[in-house]
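Visitor: So the sequences go chain by chain: P and X.
The first sequence begins at 1 in this note's numbering and counts up by one.
The second sequence begins at 1001 in this note's numbering and counts up by one.
Positions of the beta carbon are idealized from the N, C-alpha and C atoms, including for glycine.
There are 2 protein chains.
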Amino acid sequence: ILRAVSVTRAYHLGETIYAVHDVSLAIDRGEFVLVTGPSGSGKTTLLHLLAGLDRPMSGDVILDGTRYSRLSENGLAKLRREKIGFVFQFFNLIPHLTALENVVLPLRLAGMSPAQARERARSVLETVGLGHRINHLPGQLSGGEQQRVAVARALAPRPAVVLADEPTGNLDSNAGLALAGLFRKVNQEQGQTFVVVSHDPRLEEFADRVVVMGDGRIQDVRVRGG
Amino acid sequence: ILRAVSVTRAYHLGETIYAVHDVSLAIDRGEFVLVTGPSGSGKTTLLHLLAGLDRPMSGDVILDGTRYSRLSENGLAKLRREKIGFVFQFFNLIPHLTALENVVLPLRLAGMSPAQARERARSVLETVGLGHRINHLPGQLSGGEQQRVAVARALAPRPAVVLADEPTGNLDSNAGLALAGLFRKVNQEQGQTFVVVSHDPRLEEFADRVVVMGDGRIQDVRVRGG
Ligand SMILES: Nc1ncnc2c1ncn2[C@@H]1O[C@H](COP(=O)(O)OP(=O)(O)OP(=O)(O)O)[C@@H](O)[C@H]1O
Ligand SMILES: Nc1ncnc2c1ncn2[C@@H]1O[C@H](COP(=O)(O)OP(=O)(O)OP(=O)(O)O)[C@@H](O)[C@H]1O
Ligand SMILES: [Mg+2]
Ligand SMILES: [Mg+2]
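1) Nearest CA to the CA of I94(P): which residue from A150(P), S41(P), D172(P)?
2) By DSSP, does L137(P) sit in helix, in strand, or in coil?
3) Could you tell me if V1223(X) is buried or exposed, where buried requires 16 or more neighbouring beta carbons within 10 angstroms of its beta carbon?
4) Taking C-beta pairs closer than 8 Å, name the residues in chain X that Q140(P) reaches, listed in chain order.
5) When burial is assigned at 16 or more other CB atoms within 10 Å of the CB, is R1148(X) buried or exposed?
6) Would you grab the beta carbon distance between A164(P) and V87(P) for me? Rounded to a whole angstrom, and I think it's under 8 Å.
7) By alpha-carbon positions, which one of G1059(X), L1049(X), H1096(X), N1170(X) ends up nearest to A1077(X)?
8) Once the 5 residues before and after P138(P) are set aside, which same chain residues still bring their CB inside 6 Å of it?
9) In chain P, what lies closer than 8 Å to N1174(X) by C-beta?
10) Out of V61(P), G111(P), V186(P), G37(P), which one is the CA nearest neighbour of V211(P)?
11) Using CA coordinates, which residue listed in D1028(X), R1209(X), D1220(X), M1213(X) is at the minimum distance from L1034(X)?
12) What is the DSSP secondary structure of R222(P), counted as helix, strand or coil?
13) Name, please, each residue of chain X whose Cβ falls closer than 9 Å to the Cβ of E145(P).
14) Would you kindly check if the distance between the Cβ of R80(P) and the Cβ of T193(P) is under 8 Å?
15) Which residue from F206(P), A110(P), I27(P), S142(P) puts its Cα closest to that of A154(P)?
16) Cβ closer than 8 Å: which chain P residues qualify as neighbours of F1090(X)?
17) Let me check one thing: in DSSP terms, what residues is A1178(X) bridge-paired to?
18) Check whether the segment 198-208 of chain P touches the segment 16-27 of chain P, counting contact only when three or more Cβ pairs, one atom from each stretch, lie closer than 8 Å.
19) Which residue comes first and which comes last in the alpha helix (DSSP H) that contains E1082(X)?
20) Tell me the residue span of the alpha helix (DSSP H) that contains R148(P).
21) Give, in chain order, every unbroken run of the beta strand (DSSP E) that is at least 3 residues long and sits entirely within the segment 11-38 of chain P.
22) Could you check how far apart the C-beta atoms of N1170(X) and G1144(X) are, in whole angstroms? I think they sit under 8 Å.
23) Residues of chain P with CB under 9 Å from P1201(X), in chain order?
24) Are the beta-carbon atoms belonging to K43(P) and V197(P) less than 8 Å from one another?
25) Between N102(P) and ligand 1, is there a pair consisting of the residue's CB and a ligand heavy atom that are separated by less than 7 Å?
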């Protein structure tokens, strides 16, 4: 369903820094892939390339047969809206909208009616344990609560592919495991594809494959049960 | 050295939410205290009260005999600058300053010469593994790299008290343990007092005491070896 073909992303600050260096990765429909690796190894950069939030200097990304290099910015945004749910490493919630409104927004953009969107948003927020905080603004929520709102916003539209960047980084171990369990449940029951970046070694038991990054390259790929 | 006496902090959004509810905590000079507890249990709020970044509705905080309730905003800021190093949960780095400049700033405010401040800042950034990123702006760093800059900024002035909010939340397990080890080393060699909020259970082995928060209250206090 989603494939990176020899993608490279570098920055030029005096010297050239290769955040992602000649990476190829093919993700099957319905798969749950964990991406791990040291801080600064290129995980976030790779995830942004897979979501079309950033463009590679060379190589290409293909989602359901569509090549990102052939799409305009608008085309990429439309593809993302229809097929991808993204959880940013630092949430990117809209500060002046409540938790509920932040989750309703992508549903309304996808054409859902206001009443249906609120109902779906409320139910996903309750699933992540925030039923009692739905009318709070992001600034009135703790770090972990904001993170769970960001997760709810990505899951609510039931996207074909969920790309999540450290979704449990600010959660205590119970809430973190509960969230990973929720991903696995959605992955298995709805067949949605998950690519999750995490430093949490416990997530390995939820994944079909574990991709280990190092210095912008894929260093190792481990298959579960393999 | 640092004492919270029956502090309460609540928010009124229709209902009253007690983020911190009648909490008393005395921290000895040179102690290493870990604060843990579920997401939303009041850890960040308590740390902000201890740093004078937020004022309690009732109760008081006392640092080295000085009552926060007697101090003006300027007085609190001066006390913070002289005695406290703070690591924010989401870093609060100055976006248009490089990593080096972000760490130099508190040193210059403390009266250090430009050359000395740069030397000290460079050495602390190297200690946290960022010698190769000192001229990057926060937007040109990964999540974990930004977090390490925030830690370096808090440690550089060698403050009497270090208050750190999830300092390893965005780090891989090696970098996280290395940072916790650095805190412990500074705590034991320089006698600086540490209060660290973390969900990472491995930090318990570094702490003298573990304070467990729940629903705004202290639920449990465990002493190491106790
Ligand atoms: N400005 C605010 N208005 C209303 N409620 C707030 C506000 N700030 C925080 N809260 C609430 O106070 C509670 C405590 O928040 P706090 O940030 O201290 O939690 P925390 O223990 O640090 O959680 P985390 O581990 O998720 O960072 C939360 O339930 C939060 O919703
Ligand atoms: N705009 C930029 N300019 C220069 N270098 C950058 C820029 N953005 C990222 N980098 C560098 O690219 C490398 C990869 O960054 P990336 O954010 O992908 O790492 P990561 O694996 O997500 O790390 P973390 O676990 O700390 O979040 C880092 O070393 C970082 O310093
Ligand atoms: Mg990252
Ligand atoms: Mg917090």
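Guide: With the structure as the only source:
1) Relative to I94(P), the option among A150(P), S41(P), D172(P) whose CA is nearest is A150(P).
2) Here L137(P) sits in coil by DSSP.
3) A residue is called buried once 16 or more other Cβ atoms fall within 10 Å of its Cβ, and V1223(X), having fewer, is exposed.
4) The contacting residues are Y1011, L1013.
5) Burial state of R1148(X) is buried, judged by a 10 Å Cβ sphere holding 16 or more other Cβ atoms.
6) Right, the Cβ-Cβ distance comes to about 4 Å (below 8 Å), so this counts as a contact.
7) Ranking G1059(X), L1049(X), H1096(X), N1170(X) by Cα distance to A1077(X) puts L1049(X) first.
8) Answer for P138(P): L93, P95, Q146, listed in chain order.
9) Within 8 Å Cβ-Cβ: P38.
10) Nearest to V211(P) by alpha-carbon distance, out of V61(P), G111(P), V186(P), G37(P), is G37(P).
11) Nearest in C-alpha terms to L1034(X), of all of D1028(X), R1209(X), D1220(X), M1213(X), is R1209(X).
12) Of the three classes helix, strand and coil, the one that applies to R222(P) here is strand, per DSSP.
13) Under a criterion of Cβ atoms nearer than 9 Å, the residues of chain X adjacent to E145(P) are, in order, S1039, G1040.
14) Cβ atoms of T193(P) and R80(P): not closer than 8 Å.
15) Ranked by Cα distance from A154(P), the first of F206(P), A110(P), I27(P), S142(P) is A110(P).
16) The contacting residues are F90, G143.
17) Within the DSSP secondary-structure output, A1178(X) pairs in no beta bridge.
18) At 8 Å Cβ cutoff, the stretches do not touch.
19) Element bounds for E1082(X): 1073-1083.
20) R148(P) -> alpha helix (DSSP H) spans 143-155.
21) Entirely contained in the segment 11-38 of chain P, the beta strand (DSSP E) runs reaching 3 residues are, in chain order, 15-27, 32-36.
22) The beta-carbon separation of N1170(X) and G1144(X), rounded to 5 Å, stays under the 8 Å limit for a contact.
23) For a Cβ distance threshold of 9 Å, residue set S173 of chain P lies close to P1201(X), ordered along the chain.
24) Yes, Cβ-Cβ distance for K43(P) and V197(P) is below 8 Å.
25) False, no ligand heavy atom lies under 7 Å from that Cβ.
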